[in-house]
């Protein structure tokens, strides 16, 4: 039975040796068989087949029946991959959580915790990373939005809200980036977070827990943002972040923004 290299690599990534991989693939074509039949189908030497079959059974890839000669039955691939997928996911989540604790505890110890980020993809990736770490508060000012960015933000912001994080967003209803109309309002307005729409400048600001901040901006061509020129500044200087948070609080509470927000919503309702 010939299968693709990708399939062979996937099985080997699950911990199978070359002989075990060949045996499991062959047993899928037989469904059930004796050691002799499986040896012939897999071209695994007869002298090795029993040890290989016992190893596969211990790993959950096949079941051994009773009687003589012994009969070996394959465990369906969907069960194998679903089980390993779930186990891998749990291991990855535990590893991510453990390493994130180490990472987040170490970042403030870096002598100059300021980094420059180039390009929209890396900026959005860092933005999503910051959002995922929010524990108490999250402030976003989105005058600059890249194509598809609001869609990428929607689920993480919903999760942030579900965690009980005080989330506030001040963003433009729409943004022209690379001649693409980014309809932020249409995508984000149904989120159960505090959100105000106002034509704020072409700049992005993300602040979480008064500890970490990302500012991003880019060059303009008329009223169109050029994403290829985008630059982000990510820092964790507590004093600076706290100052920016205070400015954001002041802006958020201005009646002017509240009135403009309601005006914008009423225009869209007509």
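Residue numbers (our numbering): 496 to 765.
Where is the CB? At the ideal position from N, CA and C, for every residue including glycine.
Residue 709 holds the alpha-carbon nearest to the alpha-carbon of residue 620 among 666, 661, 709, 682. Nearest Cα to residue 539 within the set 565, 561, 563, 512: 512.
Between residue 743 and residue 695, the beta carbon gap of about 11 Å keeps them out of contact (Cβ cut-off 8 Å). With respect to residue 609, residue 727 sits apart: the two C-beta atoms are not nearer than 9 Å.
For residue 740, the closest of 664, 672, 679 by C-alpha to C-alpha distance is 664. For residue 661, the enclosing beta strand (DSSP E) has its first and last residue at 661-666.
Boundaries of the beta strand (DSSP E) harbouring residue 730: 726-730, taken from the DSSP string.
Remark: C-beta atoms of residue 529 and residue 566 approach each other more closely than 9 Å. Contact annotation, residue 652 with residue 662: C-beta distance approximately 6 Å; criterion of less than 8 Å satisfied.
No Cβ-Cβ contact shorter than 9 Å links residue 714 with residue 636. For residue 552, no beta strand (DSSP E) run applies; the uninterrupted alpha helix (DSSP H) run containing it begins and ends at 541-553, by DSSP. Note that the stretch 584-599 does not touch the stretch 550-563; fewer than 3 beta-carbon pairs, one per stretch, sit closer than 8 Å. The shortest CA-to-CA distance from residue 721 to any of 704, 734, 686, 697 is the one to 697. Cβ-Cβ distances below 7 Å link residue 614 to 725 in the same chain, with the five nearest sequence neighbours on each side left out; the list follows chain order. Distances from the CA of residue 641 to each of 690, 583, 578, 711 were compared; the closest alpha carbon is that of 711. Under the DSSP definition of a beta bridge, residue 680 lacks any partner.
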